[in-house]
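A short write-up of the structure that comes next.
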Amino acid sequence: MAIALQVIGLSKRFGSHQAVDELNLQVPEGTFYALLGANGAGKTTTLRMVTGLLQPDQGDALILGRSITQQPNKAKKLLAYLPDEPMLYGKLRPLEYLEFVAGLWGTAGDRAASRATDLLKKLNLWDVRNDFAETFSRGMKQKLALAGAFIHEPHVVILDEPLSGLDAVAARLVKTMLNEYVAEGKTVIFTTHTMAIAERTAQRIGIINHGTLIAEGTLEDLQAQSRELGGEFADDSDLESIFLQLTASPVQAPADSDAPLSQDEWG
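Taking numbering that gives the first Met the number 0, I'd label the letters of the sequence shown as residues 0 to 266.
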């Protein structure tokens, strides 16, 4: 099986703060992958380096074998990145926005139009295709941005908190869309603070603590590692308990660090 994403010794420091510390990670192609960590653990910094938006101090990331530092154009053509606060052009209508994004990727006009129609219908935005994006709710804007990420049919999609701002119906709709995408052999990598979503969605899970990958594998793999460590949460099998167990040992987070947000129920 091909490796969709290979992270090799990525590091990034901001002043005296080591945000990411020689991170190594592999994500097989065709995987729904969750990258978890408390606030400030290094998740977003890692994703920004992986997508070429932030220059690492050292290390590299390969997108299906293409180096993001040495072959940025080839690597970026294979991926899409949706940040937690995506930027839209308020004076564009959905079809205009998707046509614009498709043009940036060099997608042929006929194919772009077909993809735009399909994506807007899948995301329940077709009925508002003639409205300006500035009139949309946060959830509608999130769905339109997601359509923009998928318009050029990337092989790897990287999503930072993709369900933020979505109600239960929209969240389930997006989840279904992402599962269908993975079923086609593509790869989805996402971050979330909602442990229930990661537990029920991801095929593999990576946990970052203080900029270092401390655990990685299936839920069963993480359960086994948690049991080996013992301690307060060792007898619990849910992902939140495992996360708390693994991030508390062997390195205890600083007392003033942000704790992971409590999870919401999956709609």
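Ideal Cβ placement from N, Cα and C applies to all residues, glycine included.
{"Check": "With a 10 Å radius around its C-beta and 16 neighbouring C-beta atoms as the bar for buried, classify S225 as buried or exposed.", "Outcome": "buried"}
{"Check": "Find out if the Cβ-Cβ distance for the pair L122, L172 is shorter than 9 Å.", "Outcome": "yes"}
{"Check": "Take A115 and list the residues in its own chain whose beta-carbon comes closer than 8 Å to its own, dropping the five residues that flank it on each side.", "Outcome": "P93, L94, L97, E98, A101, A146, I150"}
{"Check": "What whole-angstrom Cβ distance do L24 and L212 have, given they're in contact under 8 Å?", "Outcome": "6 Å"}
{"Check": "Using a 10 Å radius around the Cβ and a threshold of 16 neighbouring Cβ atoms, would you call Q251 buried or exposed?", "Outcome": "Note that Q251 has pLDDT 36, beneath the 50 cutoff, so the model's placement of it is unreliable and no number is given."}
{"Check": "Short of 7 Å in beta carbon distance, which residues of its chain neighbour D56, apart from the five on each side in sequence? Order them along the chain.", "Outcome": "S10, K11, R12"}
{"Check": "With a threshold of 8 Å on Cβ separation, who are the neighbours of Y180 within its own chain once the five nearest residues in sequence on each side are excluded?", "Outcome": "F149, V156, V187"}
{"Check": "Please give the ranges of any alpha helix (DSSP H) in the stretch 205-246, keeping only runs that are unbroken, at least 4 residues long and fully inside the region.", "Outcome": "218-228"}
{"Check": "Could you compute how far the alpha carbon of L245 sits from the alpha carbon of L91?", "Outcome": "45 Å"}
{"Check": "Can you check DSSP and say which residues form a bridge with Y96?", "Outcome": "Partner(s): none; Y96 has no beta bridge."}
{"Check": "Rounded to the nearest angstrom, how far is the Cβ of L177 from that of L87, given a contact under 8 Å?", "Outcome": "About 20 Å separates the two Cβ atoms, so there is no contact after all."}
{"Check": "Which residues mark the beginning and the end of the alpha helix (DSSP H) in which K174 is found?", "Outcome": "167-182"}
{"Check": "Excluding the 5 residues preceding and the 5 following K174 in the sequence, name in chain order all residues of the same chain whose CB lies nearer than 7 Å to its CB.", "Outcome": "T200"}
{"Check": "Using a threshold of 9 Å, state whether the C-beta atoms of L35 and T191 are closer than that.", "Outcome": "yes"}
{"Check": "For D59, collect the residues of the same chain with a Cβ closer than 6 Å to its Cβ; drop the 5 residues on either side in sequence, then sort them by chain order.", "Outcome": "I7, S66, T68"}
{"Check": "Just confirm the distance between the C-beta atoms of T43 and R203, as a whole number of angstroms; I'd bet it's less than 8 Å.", "Outcome": "With 8 Å as the limit, T43 and R203 do not qualify as a contact, their Cβ atoms being about 19 Å apart."}
{"Check": "Count the other C-beta atoms from every protein chain shown that fall within 10 angstroms of the C-beta of K120, then say buried if there are 16 or more, exposed otherwise.", "Outcome": "exposed"}
{"Check": "Kindly list the residues whose CB is nearer than 6 Å to the CB of V49, restricted to its own chain and excluding five residues on each side of it in sequence; keep chain order.", "Outcome": "A60"}
{"Check": "Which class does S113 belong to by DSSP, given the choice of helix, strand or coil?", "Outcome": "helix"}
{"Check": "Do V26 and L46 have their beta-carbon atoms positioned less than 9 Å apart in this structure?", "Outcome": "no"}
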